[in-house]
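Below is one structure; the comments refer to it alone.
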Amino acid sequence: MADKAPNEPGLTYAQAGVDIDAGNRMVDLIKPLVRATARPGADAEIGGFGGLFDLKRAGYKDPILVAANDGVGTKVKISIETGRHDTIGIDLVAMSVNDLVVQGAEPLFFLDYYATGRLEPEIGAAVVAGISVGCRDAGCALIGGETAEMPGLYQGDDYDLAGFAVGAVERGEVLPRPDIAEGDVILGLASSGVHSNGYSLVRKVVAKSGLLWSTSAPFAPEKSLGEAILTPTRIYVKSCLAAIRATKAVKGLAHITGGGFPDNIPRVLPKSLGARIDLTKVNAPPVFRWLAQVGNIAPNEMLRTFNCGVGMIVVVAPKDAAAVTDAFAKAGEKVAAIGSVIRANGNERVIYDGALDLKL
Numbered sequence: 001m002a003d004k005a006p007n008e009p010g011l012t013y014a015q016a017g018v019d020i021d022a023g024n025r026m027v028d029l030i031k032p033l034v035r036a037t038a039r040p041g042a043d044a045e046i047g048g049f050g051g052l053f054d055l056k057r058a059g060y061k062d063p064i065l066v067a068a069n070d071g072v073g074t075k076v077k078i079s080i081e082t083g084r085h086d087t088i089g090i091d092l093v094a095m096s097v098n099d100l101v102v103q104g105a106e107p108l109f110f111l112d113y114y115a116t117g118r119l120e121p122e123i124g125a126a127v128v129a130g131i132s133v134g135c136r137d138a139g140c141a142l143i144g145g146e147t148a149e150m151p152g153l154y155q156g157d158d159y160d161l162a163g164f165a166v167g168a169v170e171r172g173e174v175l176p177r178p179d180i181a182e183g184d185v186i187l188g189l190a191s192s193g194v195h196s197n198g199y200s201l202v203r204k205v206v207a208k209s210g211l212l213w214s215t216s217a218p219f220a221p222e223k224s225l226g227e228a229i230l231t232p233t234r235i236y237v238k239s240c241l242a243a244i245r246a247t248k249a250v251k252g253l254a255h256i257t258g259g260g261f262p263d264n265i266p267r268v269l270p271k272s273l274g275a276r277i278d279l280t281k282v283n284a285p286p287v288f289r290w291l292a293q294v295g296n297i298a299p300n301e302m303l304r305t306f307n308c309g310v311g312m313i314v315v316v317a318p319k320d321a322a323a324v325t326d327a328f329a330k331a332g333e334k335v336a337a338i339g340s341v342i343r344a345n346g347n348e349r350v351i352y353d354g355a356l357d358l359k360l
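Residue 360 is where the sequence shown ends in the UniProt record's numbering, and the numbering goes up by one at each step.
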């Protein structure tokens, strides 16, 4: 082993590319953001080795815990390229908490993982600010997280995110209910846009268009293309919980994420049942029309890649459809009857009537 020269300084972690002081600065920046998410059961303070949550203080008597984790995929690359880091955290929360509420669960707490090649505390704090907004929208506490600075694994300003959410539902109230039946009505809740799925295809379409992120969005001229494409995922937690509790009539919910209608709707139906969707009732927002036209994307590819304007599916008995629709409308959702539950026809469990209107 070579001896160290007499006056040669020893190596430090900072010289290896990891700045502990930057990590501490980021913690100081995000502490007030974390405190803002406090809720019964959590004091929303950080700094310990683990986050604590008191289920009794949250009001549960015989709860079942439900857990979910997710990321935001290559949408994060657009945040990096545009320098817009304040909404991607909302997406991170949304992708997990929307998966909890479809099982009837109230999100209780959230943890995040932020990995980067070079830690910039202000960028990290902007990301956590979005996570804080998402947690408040979902009614859950941000009780912990991890920041990893890994030079050599991530290049330049690249970073990635993962989120972990835990919720609870009283025993006997887990969704989907076992009484979903042929003839039940399928309602669709409007999405806010592309949400957080299909962004590798989105980025390919944008590259094909030749437009810059700073260019005015062809489908939303009041915004830049980057701002419009980064519209955060809608969080459906409060409206879904309100409708579930007010009507006692929601039989099932399906979060429309990767795989679109054909992959996600069957996940909440008994194996003997399928869905018939009337595509003329699905209002595809302009962003989807632009993607389809510029990318020359076939309708079936749109339906299995994107939400196409419907971010959440609700299954109800016909007699309850009006009351459930009203409950969601009062909670601020745009809701429409878009289909019905049918007998499954072989492996094709989602069939369509009509066609999506994808004309610009």
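Glycine residues also receive a C-beta, built at the ideal position from the N, C-alpha and C atoms.
Q) Three or more C-beta pairs closer than 8 Å, one from the region 256-272 and one from the region 324-337: is that the case here? A) no
- Message: Using the three-state DSSP reduction, which class does D137 fall into: helix, strand or coil?
- Response: Counting from one through the sequence shown, the residue named residue 137 turns up at place 137. D137: helix per DSSP, three-state reduction.
- Message: Check whether the region 215-234 and the region 190-197 touch, using three or more Cβ-Cβ pairs below 8 Å as the test.
- Response: Under the three-pair Cβ rule at 8 Å, the region 215-234 counts as touching the region 190-197.
Note to self: Contact defined as beta carbons within less than 8 Å: I believe W213 pairs with G198. What is the distance between those atoms, to the nearest angstrom?
What the structure shows: On the sequence shown, position 213 is the one that residue 213 refers to. On the sequence shown, position 198 is the one that residue 198 refers to. At roughly 17 Å, the Cβ-Cβ gap does not stay under 8 Å, so W213 and G198 are not in contact.
> Taking Cβ positions, are V324 and T247 nearer each other than 8 Å?
Replying inline: Numbered from 1 along the sequence shown, position 324 holds the residue referred to as residue 324. Numbered from 1 along the sequence shown, position 247 holds the residue referred to as residue 247. It is a contact, given that the beta carbons lie within the stated cut-off.
Report task. May I have a chain-ordered list of the alpha helix (DSSP H) segments no shorter than 4 residues that lie completely inside the UniProt domain "PurM-like N-terminal" (65-169)? Result -> 75-82, 88-101 and 121-138
Q) Just how far apart, CA to CA, sit P318 and V185? A) Numbered from 1 along the sequence shown, position 318 holds the residue referred to as residue 318. Numbered from 1 along the sequence shown, position 185 holds the residue referred to as residue 185. Taking the straight line joining both Cα atoms gives about 6 Å.
* **8 Å Cβ cutoff met for A165 and C140** => Residue 165 sits at position 165 when you count from the first residue of the sequence shown. Residue 140 sits at position 140 when you count from the first residue of the sequence shown. In contact: A165 and C140 (Cβ atoms closer than 8 Å).
Residue from V294, K77 and L279 with nearest C-alpha to L356
What you label residue 356 is simply residue 356 of the sequence shown in a count that begins at 1. Here the closest residue by C-alpha is L279.
Original post:
If you scan the region 279-310 from start to end, which runs of the alpha helix (DSSP H) of 4 or more residues do you find wholly inside it?
Top reply: DSSP runs (the alpha helix (DSSP H)) wholly in the region 279-310: 286-295 and 299-305.
ask   = Short check: CB of V294 to CB of K208, under 8 Å?
value = Reading the sequence shown from its first residue, position 294 is the one you call residue 294. Reading the sequence shown from its first residue, position 208 is the one you call residue 208. Going by C-beta atoms, V294 is nearer than 8 Å to K208.
Alpha-carbon spacing of E348 relative to D99, whole angstroms:
Residue numbering aside, residue 348 sits at position 348 when the sequence shown is read from its first letter. Residue numbering aside, residue 99 sits at position 99 when the sequence shown is read from its first letter. Whole-angstrom Cα-Cα distance: 24 Å.
| query | Run through DSSP, which three-state label would F266 get? | reply | If you number the sequence shown from 1, residue 266 lands on position 266. What sits at residue 266 in the sequence shown is Pro, not Phe. Correct three-state label for P266: helix.
Compare the Cα-Cα distances from P285 to each of N307, S272, N300 and I297 and report the closest residue. Residue mapping note: residue 285 aligns to position 285 of the sequence shown, counting from 1. When only C-alpha atoms are compared, the closest one is N307.
_Rounded C-alpha distance that separates L175 from K251_ = For the purposes of this step, residue 175 is taken as residue 175 along the sequence shown, with counting starting at 1. For the purposes of this step, residue 251 is taken as residue 251 along the sequence shown, with counting starting at 1. Whole-angstrom Cα-Cα distance: 7 Å.
*Taking the alpha helix (DSSP H) that residue 418 falls in, what are its first and last residues?*
A question about residue 418 goes unanswered here, because the residues of the chain that appear run from 1 up to 360.
- Can you give the Cα-Cα distance for S79 and A321, rounded to whole angstroms? Position 79 of the sequence shown holds residue 79. Position 321 of the sequence shown holds residue 321. Spanning the two alpha carbons is a distance of roughly 39 Å.
Margin query: Quick check on this structure: which residue in P262, G311 and N283 has the alpha carbon closest to the alpha carbon of N300?
Written below: Position 300 of the sequence shown holds residue 300. Nearest option by C-alpha distance: P262.
If you draw a straight line from the C-alpha of G260 to the C-alpha of P9, how long is it? The residue given as residue 260 occupies position 260 in the sequence shown. The residue given as residue 9 occupies position 9 in the sequence shown. Straight-line Cα distance between these residues: approximately 57 Å.
**Prompt:** Is P63 helix, strand or coil by DSSP?
**Reply:** Locating residue 63 in the sequence shown gives position 63, counting from the first residue. Here P63 sits in strand by DSSP.
Residue closest to V18, alpha-carbon to alpha-carbon, out of T147, S340 and M312:
The sequence position of residue 18 within the sequence shown is 18, counting from 1. Comparing Cα positions, the closest option is T147.
With 16 other Cβ atoms within 10 Å as the buried cut-off, status of I20: In the sequence shown, the residue the question calls residue 20 occupies position 20. So I20 ends up on the exposed side.
Should Q15 be labelled buried (16 or more other beta-carbon atoms within 10 Å of its own) or exposed?
-> Residue 15 sits at position 15 when you count from the first residue of the sequence shown. With fewer than 16 Cβ atoms within 10 Å of its Cβ, Q15 is classed as exposed.
Item to complete: Return the chain-ordered list of same chain residues with a C-beta closer than 8 Å to the C-beta of I180, the five sequence neighbours on each side being excluded.
Response: Stepping through the sequence shown from its first residue, residue 180 is reached at position 180. Within the same chain, I180 has close Cβ partners K251, G252, V268, L269, P270, L273, V315 and V341.
With K330 as the anchor, note down where its alpha helix (DSSP H) starts and where it stops.
-> In the sequence shown, counting from the first residue as 1, residue 330 sits at position 330. Per DSSP, K330 belongs to the alpha helix (DSSP H) from A321 to K330.
Rounded C-alpha distance that separates Y154 from R276
In the sequence shown, counting from the first residue as 1, residue 154 sits at position 154. In the sequence shown, counting from the first residue as 1, residue 276 sits at position 276. Roughly 44 Å between the two C-alpha positions.
**Asked** CA-CA distance, L33 and D157?
**Response** Within the sequence shown, numbered from 1, the residue matching residue 33 stands at position 33. Within the sequence shown, numbered from 1, the residue matching residue 157 stands at position 157. Those two C-alpha atoms are separated by around 23 Å.
task = Excluding the 5 residues preceding and the 5 following D91 in the sequence, name in chain order all residues of the same chain whose CB lies nearer than 6 Å to its CB.
result = Counting from one through the sequence shown, the residue named residue 91 turns up at place 91. The residues are V72, S196, P232 and T233.
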